[in-house]
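Written below as structure tokens is the structure these notes are about.
Protein chains in written order, with my numbering: chain A, 83 to 92; chain B, 1061 to 1267.
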């Protein structure tokens, strides 16, 4: 699931 | 980073550059939907506000700046510099029919009800339908310049490659983002009709 802070993809 | 995501980003960059160069070199934006370009500028603006708050990598930051810069440069060329060549009569898709429902959905279905996350979700949903005015315009004019079809091909290919990137990341990293995946599937499906014509026709296309 989306757990890390923020989004690392463009 | 994996090969699908890297080639996806490069395909996206190629599409953006192809369009910008086409307008700049031919000094004309005939056949180009200014509304789709406004929507893409909005997508990048709402998605990349995190440029101000978090640093992920030099690659990430560089690409975001390039995308935003090219998006606004393209909108500027269409609506200011080469305004005389803008085909407003055929670019008649109602943007509010996309922005309003997408905005509402972003407030209802998201990972976290925070300002940046809502905007990110809005940009993901909006990107999946932002090409509709362009496809609508081509269906109205009944044709597209060859260079425009290359632009659309690379633009559609980029998100299709991202779908493989998400399969890769789920298998190797256990990472998945349902919102991005579902929106990415919708976005890619919208290009299927065009992909078929692009592959079977090769030269100018009539949707």
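Beta carbons: idealized from backbone N, C-alpha and C, even for Gly.
Residue i to residue j span [Cα, whole Å]
i	j	result
residue 1156 of chain B	residue 1193 of chain B	11 Å
residue 1111 of chain B	residue 1241 of chain B	23 Å
residue 1161 of chain B	residue 1094 of chain B	20 Å
residue 1219 of chain B	residue 1170 of chain B	20 Å
residue 1144 of chain B	residue 1099 of chain B	21 Å
residue 1235 of chain B	residue 1062 of chain B	13 Å
residue 1244 of chain B	residue 1215 of chain B	12 Å
residue 1064 of chain B	residue 1224 of chain B	6 Å
residue 1174 of chain B	residue 1164 of chain B	14 Å
residue 1226 of chain B	residue 1237 of chain B	8 Å
residue 1148 of chain B	residue 1208 of chain B	17 Å
residue 1213 of chain B	residue 1177 of chain B	29 Å
residue 1019 of chain B	residue 1113 of chain B	Outside the displayed span of chain B (1061 to 1267) sits residue 1019 of chain B, for which this structure offers no information.
residue 1260 of chain B	residue 1172 of chain B	43 Å
Range covered by the alpha helix (DSSP H) that runs through residue i
i	result
residue 1156 of chain B	1156–1168
residue 1122 of chain B	1118–1136
residue 1108 of chain B	Here residue 1108 of chain B belongs to no alpha helix (DSSP H), and DSSP marks it neither H nor E.
residue 1187 of chain B	1175–1189
residue 1085 of chain B	1063–1086
Neighbour-count burial assignment, residue i, 16 or more Cβ in a 10 Å radius
i	result
residue 1197 of chain B	buried
residue 1081 of chain B	exposed
residue 1119 of chain B	exposed
residue 1185 of chain B	buried
residue 1091 of chain B	buried
For residue j and residue i, believed in contact at Cβ under 8 Å, the rounded distance
i	j	result
residue 1101 of chain B	residue 1125 of chain B	Wrong, their Cβ atoms sit about 14 Å apart, outside the cutoff.
residue 1106 of chain B	residue 1182 of chain B	5 Å
residue 1103 of chain B	residue 1187 of chain B	5 Å
residue 1138 of chain B	residue 1078 of chain B	The pair is not a contact, with the Cβ atoms about 15 Å apart (cut-off 8 Å).
residue 1115 of chain B	residue 1121 of chain B	6 Å
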